[in-house]
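Using the working numbering, the final residue of the sequence shown is 706, and nothing's skipped along the way.
Don't be surprised by glycine CBs; every beta carbon is placed ideally from N, CA and C.
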Amino acid sequence: MRTPGLGVKQPPPTPVAPRTAAARSRKRDLAISAISLTPEAVRHVSIRIDAQSASTYVDVMVDQVLLAGGLVVGPLFTLTYLAEGAARAHYKPLRHPVSCLALGERGWTQTANFIVAGLLSLAFAVGLWRAGPSHWGALLVGVWALGMLSGAIFPTDPVSGYPPGTPERLEHSTRQGVLHTLLSMVGFVALTAACFVFAWPGTRGWAIYSVASGVLFAATMALAAAAFAQKERLVAVGGLIQRVSVTIAWTWLAVLAVHTLGPDRYDHRHYPPTRNHRCRGPRRDVRGGRRRAVQPGPANSRSLGVVRGVRRGPARRSAVRVRPGYRGQAPP
Numbered sequence: 375m376r377t378p379g380l381g382v383k384q385p386p387p388t389p390v391a392p393r394t395a396a397a398r399s400r401k402r403d404l405a406i407s408a409i410s411l412t413p414e415a416v417r418h419v420s421i422r423i424d425a426q427s428a429s430t431y432v433d434v435m436v437d438q439v440l441l442a443g444g445l446v447v448g449p450l451f452t453l454t455y456l457a458e459g460a461a462r463a464h465y466k467p468l469r470h471p472v473s474c475l476a477l478g479e480r481g482w483t484q485t486a487n488f489i490v491a492g493l494l495s496l497a498f499a500v501g502l503w504r505a506g507p508s509h510w511g512a513l514l515v516g517v518w519a520l521g522m523l524s525g526a527i528f529p530t531d532p533v534s535g536y537p538p539g540t541p542e543r544l545e546h547s548t549r550q551g552v553l554h555t556l557l558s559m560v561g562f563v564a565l566t567a568a569c570f571v572f573a574w575p576g577t578r579g580w581a582i583y584s585v586a587s588g589v590l591f592a593a594t595m596a597l598a599a600a601a602f603a604q605k606e607r608l609v610a611v612g613g614l615i616q617r618v619s620v621t622i623a624w625t626w627l628a629v630l631a632v633h634t635l636g637p638d639r640y641d642h643r644h645y646p647p648t649r650n651h652r653c654r655g656p657r658r659d660v661r662g663g664r665r666r667a668v669q670p671g672p673a674n675s676r677s678l679g680v681v682r683g684v685r686r687g688p689a690r691r692s693a694v695r696v697r698p699g700y701r702g703q704a705p706p
């Protein structure tokens with residue numbers, strides 16, 4: 375008995391075209407359309423997404439406002455003491471410290487300058503705590519801000535003969551003068567440490583700049599302290615050295631604010647990547663049969679609707695993953 379088809383030439387198999395990106399997208403869309411959603415579930419999920427998106431937007435705006443304090447505090451403080459120093463009689467910017475502007479009849483202007491600078495620096499420290507790379511660094515910047523506020527609460531003693539009629543150096547320091555010096559030194563040390571702390575999580579260029587700023591700030595502040603202690607070779611330029619030191623500090627804080635506000639900011643504490651997030655950059659979210667870029671955030675990484683993300687491995691395959699526990703009914 376002859377077997378059917380035996381000896382008959384079979385046609386060649388049809389070649390299978392490689393799977394393209396469009397084919398993968400169609401397969402993904404079919405997988406999404408297979409999920410049965412009730413109108414109640416869709417409405418509940420949409421409301422939840424809108425609420426979380428609005429909350430995330432408000433958080434980002436608050437972070438930007440707080441971090442902007444680090445940008446404006448330096449120029450505002452510098453312009454104020456320069457203008458006030460130029461308007462004071464017998465005040466020599468090259469010789470006298472900035473704190474001496476808080477003495478005399480018009481001392482309230484520099485006192486207000488200390489208060490505004492301290493509050494802006496404190497707001498900047500809060501912004502660094504919320505969105506910065508280091509909580510320890512944010513705490514150190516906060517100590518620096520408290521040191522600025524202490525300059526308004528405890529005025530300094532007369533230094534280098536200002537106000538007029540006072541000796542070059544007092545024989546006995548007052549209590550408020552001692553507190554002014556001690557609290558200011560604590561703030562200076564804290565800012566120096568912050569330069570080293572924030573240098574760790576950045577790039578090589580940022581680390582070099584941050585460490586150099588910390589070293590130069592500490593060195594110039596030590597020279598200014600020696601000048602105000604009536605060191606003969608430095609007393610005539612003590613005010614200039616202090617202004618250079620303060621400018622280094624404000625410039626570093628402004629650059630830190632720009633560095634934190636930049637587009638590459640990514641806080642892993644507040645915005646942890648999901649298990650499906652294997653690539654850098656914005657995650658690809660699939661919802662409603664469309665693909666769109668979604669920036670990582672609390673609303674996107676925890677509850678972005680039904681589909682949580684797209685997995686992209688070495689072979690650049692795409693897979694849809696339904697949120698665990700969801701079976702087409704309204705979530706609790």
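Proximal residues to residue i (C-beta, below 7 angstroms), its chain only, five neighbours per side dropped
i: A499; result: A512, V515, G516, A519
i: F602; result: P471, V533, S534, G612
i: L597; result: L608, I615
i: G354; result: Outside the modelled stretch of the chain, which goes from 375 to 706, sits residue 354, for which no answer is possible.
i: H509; result: W503
i: T566; result: G588, F591, A592
i: A600; result: L608
i: P449; result: none
DSSP three-state assignment for residue i, whether helix, strand or coil
i: Y536; result: strand
i: D437; result: helix
i: S547; result: coil
i: R578; result: helix
i: L608; result: coil
i: G636; result: coil
i: V681; result: Bear in mind that a pLDDT of 35 at V681, under 50, signals an unreliable position, so the number given afterwards is only what the model happens to contain. Of the three classes helix, strand and coil, the one that applies to V681 here is strand, per DSSP.
i: A463; result: coil
i: G443; result: helix
i: G506; result: coil
i: G478; result: coil
i: F451; result: helix
i: F528; result: coil
i: L468; result: coil
i: E458; result: helix
i: A592; result: helix
i: A603; result: coil
i: P670; result: Its pLDDT being 44, under 50, P670 is placed unreliably by the model, and the measurement read from it follows with that caveat. Residue state, collapsed to three classes: coil.
i: A568; result: helix
Below-7 angstroms beta-carbon distance, residue i vs any chain C residue
i: F498; result: Reference to chain C is not applicable here, since this structure consists of a single protein chain.
Option nearest residue i by Cα separation, candidates the options
i: R617; options: G478, F451, E542, V560; result: F451
i: W624; options: D437, L445, T430; result: L445
i: M595; options: G561, L627, L553, P538; result: G561
i: R480; options: G492, A592, R462; result: R462
i: L441; options: W626, A505, I622, A491; result: A505
i: L523; options: T548, L496, G539; result: L496
i: F528; options: A599, L553, A592, G492; result: L553
i: G492; options: A592, V447, S508; result: V447
i: D433; options: G521, W503, R469, F488; result: W503
i: L630; options: G501, R469, N487; result: G501
i: A568; options: S558, L627, L556; result: L627
i: G521; options: P467, I582, A564, H546; result: A564
i: M559; options: E545, V620, M435, V439; result: V620
i: G539; options: G478, I622, R578; result: G478
i: P467; options: I622, A610, D437; result: A610
i: I622; options: G636, Y583, L556; result: Y583
Sequence-distant residues of its chain with Cβ nearer than 8 angstroms to residue i (five each side left out)
i: Y465; result: G459, C474, L475, Y536
i: P541; result: P532, G535
i: H633; result: G576, W580
i: T483; result: T454, E458, L475
i: T548; result: D531
Cβ-based neighbour list, residue i, same chain, cut-off 6 angstroms, excluding 5 preceding and 5 following
i: T485; result: A476, A526
i: G543; result: The sequence given here has Arg at residue 543, not Gly. Cβ within range, chain order: Q604.
i: P646; result: Because P646 carries a pLDDT of 34, less than 50, the predicted location of this residue cannot be relied on, and no value is offered for it.
i: P507; result: P575
Quick test of the definition: if touching needs 3 or more C-beta pairs under 8 angstroms, does the stretch 451–460 touch the stretch 576–593?
no
Looking at C-beta atoms only, is the number of pairs between the stretch 596–610 and the stretch 568–586 that lie closer than 8 angstroms three or more?
no
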